[in-house]
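Student: Structure provided below as structure tokens; questions to follow.
Residue numbers (my numbering): 13 to 160.
Laid out in structure tokens, this is it:
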């Protein structure tokens, strides 16, 4: 039998559009700070199910996923360890409310959100979102092989 591989953790994050703004949560648990709503994918659920669940758990919002913005895999993006995040853009219905591991919640304009000190690599994600909104092009990156 093959040994179980050691792999990064898998998470989802959401850029949630509501009422002309974006939803940010203030994290209750370390690492503290403002962040996009999201969390870890549970065994047995799809990425999409995890995104909808995390949005509901942290913000009380029902979301509709619109676009897969991208996958973020920099090993240093999460100080707790190597975590890969799949990021969706979503539309929301309902009244946003801080729940679960969200200490508080804010609905901010994109510019206000970009001017906020954000946890993880969420500023990079919001810059990619800004590019997507301006161009309707996803932020695909050109991958080049390592120099030999």
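Ideal Cβ positions, reconstructed from N, Cα and C, are used throughout, including at glycine.
1. So, do the stretch 95–104 and the stretch 59–67 have three or more beta carbon pairs nearer to each other than 8 Å?
2. Whose CA, out of 32, 124 and 112, lies closest to the CA of residue 50?
3. Determine the contact status of residue 95 and residue 21, defining contact as a CB-CB distance below 7 Å.
4. Compute the Euclidean distance between the alpha carbons of residue 158 and residue 110, then round it to the nearest angstrom.
5. Short check: CB of residue 89 to CB of residue 133, under 7 Å?
6. Do the CB positions of residue 23 and residue 52 come within less than 7 Å of each other?
7. Assuming residue 104 contacts residue 36 (C-beta within less than 8 Å), just tell me the rounded distance between them.
Tutor: If we stick to the structure as given:
1. Touching, yes, given that three or more Cβ pairs across the two stretches are closer than 8 Å.
2. Of the candidates 32, 124 and 112, the one whose C-alpha sits nearest the C-alpha of residue 50 is 112.
3. Contact: yes.
4. Confidence at residue 158 is low in this model, with a pLDDT of 49, below 50, so the placement of that residue should be treated as unreliable; the coordinate-derived value is given next. If you take the alpha carbons of residue 158 and residue 110, they lie about 43 Å apart.
5. Yes, Cβ-Cβ distance for residue 89 and residue 133 is below 7 Å.
6. Yes, these two residues count as a Cβ contact at 7 Å.
7. Actually they do not touch by this definition, with Cβ atoms about 13 Å apart.
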